[in-house]
Amino acid sequence: MNYVAIAAGAISVMVLGFIWFHPKVFGQSWMKGAGLTEEDLKGGNPLIMVGALLMAVVLAWALSRYATHTEEGMSQFVHGMYHGFMPGIMYVAPVLVSKGLFEKKSLGWILMGALYWVLAITLVGGIVYALTPIVESAG
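To convert a position in the sequence shown, counted from 1, into my numbering, add 214.
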């Protein structure tokens, strides 16, 4: 288990989130769609960020479990991005879109969140695979 790769992957989720949900990027739209104001977010509970970081660690750890193999002709970063993108687009996005539809959220708000997670998981996969040594199989 490569703890550096897991930590770097988890931190990348947080950094992407800080950028993606910044008020000058998608933050204002996200707040509006969530029914929140800047006042609602002031003085937030630090446990939210701790919980989010712990979940990012779980995500990076899950992707790291398969990061020791390689695909001929493909960089480990791209290979890892593929292994992050596929579950992101096939599992995470459908769940978030379905959830958002039942919650009667706008399509833009739903896609904003789903695309964030697809990108985040894709990025984590790339980082974790790139930082994990390849184990050569015998035979």
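The beta-carbon is built from N, C-alpha and C at its ideal position, and this holds for glycine as well.
When DSSP states are grouped into helix, strand and coil, M245 belongs to the helix group. In terms of Cβ geometry, W244 and F232 do not form a close pair [threshold 7 Å]. In the structure shown, the three-state DSSP call for L325 is helix. In this structure, G339 lies near L277, with their beta-carbon atoms less than 7 Å apart. A contact is defined here as three or more CB-CB pairs under 8 Å, and the region 286-294 fails this definition with respect to the region 302-311. Judged by pairs of C-beta atoms under 8 Å, the region 312-329 does not touch the region 255-262, as fewer than three such pairs exist. Straight through space, the alpha carbons of V227 and A270 are spaced by roughly 6 Å. In this structure G298 is not in contact with I348, their Cβ atoms being roughly 17 Å apart against a cut-off of 8 Å.
Burial state of G302 is buried, judged by a 10 Å Cβ sphere holding 16 or more other Cβ atoms.
Each residue's CA atom was taken as its position, placing V342 and W275 some 9 Å apart. By the neighbour-count definition (other C-beta atoms within 10 Å, threshold 16), G249 is an exposed residue.
Taking the C-beta atoms as reference points, T346 is found no nearer than 7 Å to T284.
Taking the CA atoms as reference points, L329 sits about 14 Å from M295.
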